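To start, the structure itself, in structure tokens.
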Amino acid sequence: MPKLSLRQAASTALTAVALLALSGCGFTEYPNSTFNHHTDFNTAIDALFQRLIFWGTIVFVVVEAGLVYTIIKYRKRPGGPKPRPIHGNAALEITWTVIPALILVLIAIPTVKTIFQTQADAPAGALKVQVIGHQWWWEFRYPELGIVTANELYVPVGRTVEFELTTRDVLHSFWIPQMGGKRDLISNKTNYLWFTPNADLGTSAWNGFCTEYCGSSHANMKFRLYTVQPDEFDSWAKHQASPAVFSTTPAPVTTPVTPVAQVSGADSTAPTPATTIGYVFPRERLETEFPHVIPQTPYPTGLSFDDALLAGGDPARGANEGFMLGGCIGCHAISGVPGAVSEIGPNLTHIASRHTIAGGLFKNDAPTLARWIKNARHMKPGSLMNTIGRGEYDPILKTTNTGGLDDRQIADVVAYLMALK
Amino acid sequence: MATLAAPACATAPASTQSGLWSWIATTDHKRIGTLYLWTALAFFLIGGLEAALIRTQLARPNMGFVSAETYNQLFTMHGTTMVFLAVMPLSAAFFNYLIPLQIGARDVAFPRLNAFSYWVYLLGGIFITLPILFQVAPDGGWFGYAPLTTNQFSSGPNIDFWVIGLQILGVSSLAAAFNFITTIINLRAPGMTLMRMPMFTWMSFVVQFLLILAFPPITVALVFLLMDRFFGTTFYAIAQGADPLLWQHLFWVFGHPEVYILILPAFGLVSEVLPTFSKKPLFGYNVMVYSGIMIGFLGFGVWAHHMFAVGMGAVADSIFSLMTMLIAIPTGVKIFNWIATMWAGEVRFTVPMKFAIALIAMFTIGGISGVMHSSPPADLQQTDSYFVVAHFHYVLFGGSIMGIFAGIYHYYPKITGRFLNERLGNVHFWLNFIGMNLTFFPMHFSGLLGMPRRIYTYDAGQGWDLFNLLATYGTYLLVIATAVFVWNFVRSRTRGAIAGGDPWGAATLEWSIPSPPPEYNFAQIPTVTSRYPLWDLKDPSWHEGEDSHGDTGTPGPSPLREETETHTAKALGIPMPYPTAKPAFAALGLVVMFSGLLFLRNDLFAVAMTVTLGGAAMLIGGLYAWLTSPLE
């Protein structure tokens, strides 16, 4: 086989692959590409992967070219040479055993090096984040900072972040393709994963996914990562660590129980709520620069809500009648609200500062929240959140909800949640 | 094609028996092989239909074609069906039909056990497939990871069908494996030494050992899960502190050798097709045997490469990584030897040859992406993404299915006495080849661009839309290709060109007898003196002057006799096994016995006990009647 044509073919193929790799970096077109160098972790992985692609391409070209050449050259032709009954050739067979073995050595050495490099202990001073998997949402805790949040992560650039991965139920897997490899969340086991976003990385937004099949809504178990500047992170963290900021003027006289003062966290024993709202990734920037983190999931058909009611939602009534009496408190915690300490569902202390709800499935806005509260199981298959809307059909219990909240009451709860900046 | 057809035995009937009962009671390995072939093709169509529904749902972002629950059942059943009910039994069809013919035997060692294996497979396959019609099909993935499959997280009957169904199918595979090992060791014709066995028989021999070594671990895993689900044990109960990685280790100790169980028979089939249509002996026969054994052996030491993301630690990751890379070496040798088999040959592009060449070309792609997964850091970006889906479909569709189609086109004339239509075969091949690449190649991109596996939907704007749409179009092409094949397969039984005993000019024993073969296979048990007896017979000097590389056959005229006439076994005085439905009855008892467990889910203890004990009585009664009646 002529050597030159082989080399040309190899270089053509390599160019094609390189073009793909480059286009893979195109941020807006391929927002979850794995061909990246945004962290130490994926820089190491990508170096290895480029080597695998290089050798893979060479092997591919040699084998396929050899195959095509053979079947063309030795195709049956009238007057062609008689086949030679060769049974084998020891020297040749040893050659094509040894050459692949040598290529594998060239892959194996950097592989083992990278394994030990990426699985070493995280450097001292790393920001610790506890990742807790739930069917089908993510709980994030910053134990050193006293933050509990859900589905949206903030990390400062230039500082190593170490994730401590556990699960409350089945197996899940934590993956942010643009930041590096994934790691599973295993029941009764703690796993670790760390990476350092490059110090020169701008304030950016990334998608994260669950990549271990975990039941009905595995596809809907997503999260967002915001890599922000250190001062932005500090501002965000300080606010997130504070109790709920909701505070309203005296409760309406109709309030049956629980003075609003308590709900607002103004109780003398509770910490004082922050007076200013901390940093939040600006939604306008997401919409213009990072549209891939904005969910486009359509509302399911057959679920209606009278959106006109939302404008008239009363946050205080939502807090007292809705949140406290409507069942929300059974699963959701709001820091600063006495009794609202359940860890079953996502912590709602600063829910209004998040851009998504329901495991990244929907945008966080009033109409969506209203529908979600009304019938979460219709919005998200298998959802463990009860059906709250009165008269709503529960697709899991297969019954119609006779109690619960009507649209006006839900509008009040939405108003309350939207106030929890 | 007509020029290839030999006129002899043009109208030979396969057997004097006919009617439904003759099929239920058959103990003839060829008829059982035919049953396997038809049944497995039916399940292949069901698995393909599931794939088409999956791809329709994924054609565009945020589609609502099927619900999440239905999708999860579809992808679970697609994998389960293709692995356990389509590809393994398609291989079993060839084991049954070909192994006795290739080694010069009149049947398998245990003809009735063989029938039992088939009936257990058929009934187990129905057991695990029917629930999808009632929306209660298994939905835990073909890998069934605990704790998702435990009662706490899957309280419906879905997983029950899976955990019971797989155990039923395991009985079938194990019984068949012992049968074929005994057959190959004991029933070879005089002179058929191990190192003269046709390569398909060799690869099948390796696969039987893989089966008997790989099924025990998954049986243990399934028994644990079954006990957890029905009897309250806590092997995988996380609330009681179970380590769910127990399941993963047991599953993949089975699951990885299973990959070689699926691919080695296809390797065997193309190792028959390539020499035939190159008019050359298989290049490096010995090395092909050793590399097959090596693949089988190493296949047991690489299971944890499915678990690089679970956090096993750097040392374990490194060891399993290196073991996995090692397995690429014998696999690569096979690829090179196949190409060398065609080198300096006379390559005829028949339909089976096209499929065999496609296997080399496509499996190579799957092998290369496999090496990429063997590197754990790279795998952390690839595992559970669509890149893996692309990889293993290049191995299983590009490898196993291409090889099996090569085998079907190659052996159809032997099985039916008629050729498959070549024009339709070519249409099938090209649609299949293009459709496969259009379906699976774009998945490499969607995976590397961040798309996770096993998701029933995905959002718009993630950069995956084009690749998913292409894959869906590719799947529809595959549906058309398969329809062409089915039409050809059914039609050619009665309308195909007559084939004759040796339509392709092949070299091994199965081609020395009429097509279809008579019930007794060989009127006279042949004597074998080399690896290519039929070529020796036709031209005793065909490989003069070449080093025979370990085949120390006596040179000179072959003692083999080509048989062209078909008689009845009775006329020739050859004793044949009696037809008997006792194995089928025992198989039914086995399935009924297992089915009783289903009633425990609804606390119907008395019903469960009645059904289980009734099934056990049928099984034991059937076995007793079978074992106390004479074979022939």
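Residue numbers (the working numbering), protein chains in the order written: chain A, 1 to 421; chain B, 422 to 1053.
Think of the CB as a built atom: it goes at the ideal place given N, C-alpha and C, for glycine as much as any other residue.
Keep in mind that this is a model prediction, so the values were computed, not measured.
Separation of residue j from residue i, as counted between CA atoms
i	j	result
D314 (chain A)	L817 (chain B)	60 Å
D129 (chain A)	F140 (chain A)	For the sequence presented, residue 129 (chain A) should be read as Val rather than Asp. The straight-line gap from Cα to Cα measures roughly 7 Å.
P578 (chain B)	Y457 (chain B)	28 Å
M385 (chain A)	Y492 (chain B)	22 Å
L841 (chain B)	G382 (chain A)	49 Å
P873 (chain B)	C210 (chain A)	8 Å
A1055 (chain B)	P797 (chain B)	Chain B is shown only over 422 to 1053; residue 1055 (chain B) falls outside these bounds and no answer can be derived.
R7 (chain A)	L747 (chain B)	Because the pLDDT at R7 (chain A) is just 47, under 50, the model does not fix this residue reliably, and the value given afterwards should be weighed accordingly. Cα to Cα, R7 (chain A) sits roughly 27 Å from L747 (chain B).
F906 (chain B)	R844 (chain B)	11 Å
G265 (chain A)	S739 (chain B)	Its pLDDT being 40, under 50, G265 (chain A) is placed unreliably in this model, and the coordinates cannot settle the point.
V257 (chain A)	E287 (chain A)	For V257 (chain A), the pLDDT reaches just 39, beneath the cut-off of 50, and the residue's location in the model is therefore unreliable, although a value from the coordinates is still provided. Approximately 41 Å between the Cα atoms of the pair.
E164 (chain A)	F574 (chain B)	24 Å
V1028 (chain B)	L153 (chain A)	53 Å
L634 (chain B)	E1053 (chain B)	32 Å
S335 (chain A)	P282 (chain A)	24 Å
P259 (chain A)	P295 (chain A)	Any reading at P259 (chain A) must be qualified, since the residue scores a pLDDT of 39, below 50, and its modelled position is unreliable; the value itself is stated next. Rounded to whole angstroms, P259 (chain A) to P295 (chain A) spans 37 Å at the Cα level.
V280 (chain A)	Q494 (chain B)	40 Å
Residue range of the beta strand (DSSP E) that includes residue i
i	result
I132 (chain A)	L127 to H134
K222 (chain A)	K222 to V228
Y299 (chain A)	Segment: none, Y299 (chain A) is in no beta strand (DSSP E) and carries neither H nor E.
I659 (chain B)	No beta strand (DSSP E) contains I659 (chain B), which DSSP labels as neither H nor E.
H677 (chain B)	Note, H677 (chain B): premise wrong, no beta strand (DSSP E); alpha helix (DSSP H) at L666 to S699.
F290 (chain A)	Careful: F290 (chain A) lies outside any beta strand (DSSP E) and carries neither H nor E.
R141 (chain A)	W137 to Y142
T149 (chain A)	I147 to A150
F174 (chain A)	H172 to W175
W194 (chain A)	N191 to F195
L165 (chain A)	V161 to T167
Helix, strand or coil at residue i [DSSP, three-state]
i	result
C210 (chain A)	strand
H812 (chain B)	helix
N201 (chain A)	Strictly speaking, residue 201 (chain A) in this sequence is Leu, with Asn absent from that position. Coil.
V260 (chain A)	Caution applies to V260 (chain A), whose pLDDT of 39 falls short of 50 and renders its modelled position unreliable; the model cannot decide the point.
P873 (chain B)	strand
F599 (chain B)	helix
I357 (chain A)	strand
P156 (chain A)	strand
V280 (chain A)	coil
V1028 (chain B)	helix
Y706 (chain B)	helix
D528 (chain B)	coil
T248 (chain A)	Because T248 (chain A) carries a pLDDT of 45, less than 50, the predicted location of this residue cannot be relied on, and the following value inherits that uncertainty. In this structure, T248 (chain A) counts as coil in the three-state DSSP scheme.
D184 (chain A)	strand
G389 (chain A)	strand
D306 (chain A)	coil
G265 (chain A)	Because the pLDDT at G265 (chain A) is just 40, under 50, the model does not fix this residue reliably, and the point stays unresolved.
S806 (chain B)	strand
Assumed close pair residue i, residue j - CB separation to whole angstroms, cut-off 8 Å
i	j	result
W583 (chain B)	P559 (chain B)	3 Å
I107 (chain A)	W175 (chain A)	Incorrect: roughly 23 Å between the Cβ atoms, too far for contact.
Y815 (chain B)	G787 (chain B)	3 Å
S594 (chain B)	G689 (chain B)	Actually they do not touch by this definition, with Cβ atoms about 17 Å apart.
P619 (chain B)	T929 (chain B)	5 Å
W932 (chain B)	L958 (chain B)	About 10 Å separates the two Cβ atoms, so there is no contact after all.
S821 (chain B)	L683 (chain B)	5 Å
Bounding residues of the alpha helix (DSSP H) (the contiguous stretch that carries residue i)
i	result
Y832 (chain B)	M823 to T837
F95 (chain A)	Here the sequence assigns Thr to residue 95 (chain A), which means Phe is not the residue at that position. Start and end: A90 to T118.
A452 (chain A)	The structure shown does not extend to residue 452 (chain A), since chain A is modelled only from 1 to 421, so the question has no answer here.
W724 (chain B)	That residue, W724 (chain B), is in no alpha helix (DSSP H); it is neither H nor E in DSSP.
T762 (chain B)	A735 to M763
Contact test: residue i Cβ vs the ligand NAP heavy atom, cutoff 7 Å
i	result
I329 (chain A)	Questions concerning the ligand NAP fall outside what the structure shown contains, since it holds no ligand whatsoever.
* Would you mind listing the alpha helix (DSSP H) stretches within the region 918 to 968 of chain B that are 4+ residues and don't spill past its ends, in chain order? => Entirely contained in the region 918 to 968 of chain B, the alpha helix (DSSP H) runs reaching 4 residues are, in chain order, 954 to 959.
* Length at least 4, wholly inside the region 27 to 86 of chain A: the alpha helix (DSSP H) runs in chain order -> 40 to 73
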